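Enquirer: Residue numbers (the numbering used here): 57 to 368.
Would you mind keeping the following structure in view while I ask a few things?
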Ligand code: UDP
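Structure representation (structure tokens):
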């Protein structure tokens with residue numbers, strides 16, 4: 057297949073581009089480099105089956121492709137609150153442009169949605185049938201509601217135009233190529249621990265997250281893109297091992313081997329108190345299972361951060 061990956065220069069997108077090339081596909085990466093980085097593509101930039109296209113997904117474009125994976129969007133709370141309008145446009149106009157392309161080309165479509173569509177969930181774990189608890193006027197709305205709109209747009213194109221589409225709700229993911237300064241808890245804690253500085257826990261640290269290693273996530277995305285029979289499914293992807301942020305801070309300190317302390321800072325508005333994917337559907341439909349444990353994944357990403365620093 058010839059696959060368009062929007063946001064292909066980003067953290068998850070670049071891993072997906074690499075993986076698709078390894079699977080034998082041709083890959084076109086479209087990215088405006090707002091939060092993406094061409095350095096992420098260094099390993100594949102010269103591959104003749106890879107094309108980089110500097111463009112904003114919110115502006116119409118035309119390409120010949122068999123599949124579209126729409127990942128383009130700022131994704132960390134710090135990033136999307138810094139670029140709220142760009143975030144809303146990438147997920148509204150951007151999703152529309154991708155779906156129009158898929159409709160015209162008869163291409164299949166994968167939407168990278170998010171666990172944020174569940175907002176601050178009142179059921180735990182979250183199955184795909186849970187409709188969510190999102191504050192439409194809060195600081196996270198620019199991302200949460202934009203992704204909900206993108207899901208609605210995708211479902212509409214499927215119903216009206218028969219675009220073969222699958223929606224993947226991505227839960228917290230970590231791994232090499234996360235930006236140091238994206239503000240998320242994984243790069244923040246690792247950077248702080250490596251520098252021997254206190255780890256900044258927001259709130260009392262009793263809120264939970266479930267962290268998925270990027271290779272596992274990309275395996276799931278690749279299966280969802282390649283599987284012939286999928287159409288109309290909404291599927292959670294992530295890791296269902298849940299831990300409190302306080303425990304996560306302790307784990308980072310243990311793995312880095314630092315005696316950094318912990319500083320408690322206020323919990324941001326609308327920060328979800330619990331999050332854990334129900335993965336039943338992913339297991340059944342994709343025959344997929346997250347394999348990399350938190351500690352193993354942390355070791356890998358810490359090594360990557362160290363090597364990255366040395367290379368600068
Ligand atoms: N968090 C924290 N310290 C930080 C950054 C984040 O305690 O330096 C908390 C944040 O309040 C949230 C969790 O860690 O409860 C995960 O935050 P992140 O920004 O990684 O992603 P989210 O899951 O909120 O989208």
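We put the beta carbon where it would ideally sit given N, CA and C, even for glycine.
Small disclaimer: the values here were computed from a predicted structure and weren't measured.
#1: Let me check you understand the geometry: is the CB of residue 108 closer than 8 angstroms to at least one non-hydrogen atom of ligand 1?
#2: Less than 9 angstroms separating the beta-carbons of residue 261 and residue 314?
#3: Measuring alpha carbon to alpha carbon, tell me which of 78, 133, 187, 246 ends up nearest residue 199.
#4: For residue 181, collect the residues of the same chain with a Cβ closer than 7 angstroms to its Cβ; drop the 5 residues on either side in sequence, then sort them by chain order.
#5: Assuming the contact rule is C-beta atoms closer than 8 angstroms, residue 62 and residue 150 should be a hit. Round their C-beta distance to whole Å, please.
#6: Given a cut-off of 9 angstroms, decide if residue 82 and residue 57 are closer than it, judged by their beta-carbon atoms.
#7: Among 329, 359, 320, 114, which residue has its Cα nearest to the Cα of residue 206?
#8: Can we say the stretch 230-240 touches the stretch 173-193, given the rule of at least three CB pairs closer than 8 angstroms?
#9: Going by DSSP in three states, residue 58 sits in which element: helix, strand or coil?
#10: Within the stretch 227-287, note down every full beta strand (DSSP E) run reaching 3 residues or more, in order along the chain.
#11: Around the C-beta of residue 217, are 16 or more other C-beta atoms found within 10 angstroms, so that it is buried, or is it exposed?
#12: Assuming the contact rule is C-beta atoms closer than 8 angstroms, residue 157 and residue 124 should be a hit. Round their C-beta distance to whole Å, please.
#13: Below 8 angstroms CB to CB, which residues in the same chain sit around residue 319 once its five sequence neighbours on both sides are set aside?
#14: For the beta strand (DSSP E) that contains residue 320, what are its first and last residues?
#15: So, is residue 101 buried or exposed, given that buried needs 16 or more other C-beta atoms within 10 angstroms?
#16: Sorry if obvious, but does the Cβ on residue 152 come closer than 8 angstroms to a heavy atom of ligand 1?
#17: Pull up the DSSP beta-bridge partners for residue 68, would you.
#18: Identify which residue in 197, 345, 361 has its Cα closest to the Cα of residue 247.
#19: Can you name the residues that DSSP bridges to residue 347?
#20: What residues are listed by DSSP as bridge partners for residue 107?
#21: Since residue 123 is in the beta strand (DSSP E), which residue starts that stretch and which ends it?
#22: Determine which residues share a DSSP beta bridge with residue 333 and list them.
#23: So, at 7 angstroms on beta carbons, what are the nonlocal neighbours of residue 172 in its own chain, with the 5 sequence-adjacent residues on each side left out?
#24: Is any non-hydrogen atom of ligand 1 found closer than 8 angstroms to the C-beta of residue 263, if you look at the structure I gave you?
Expert: In short:
#1: no
#2: no
#3: 133
#4: 296, 332, 333, 334
#5: 7 angstroms
#6: yes
#7: 114
#8: no
#9: strand
#10: 255-258, 264-266
#11: exposed
#12: 6 angstroms
#13: 254, 255, 256, 257
#14: 318-321
#15: exposed
#16: no
#17: None; residue 68 has no bridge partner.
#18: 361
#19: According to DSSP, residue 347 bridges with nothing at all.
#20: 84
#21: 123-126
#22: 182
#23: 196, 199, 200, 203
#24: yes
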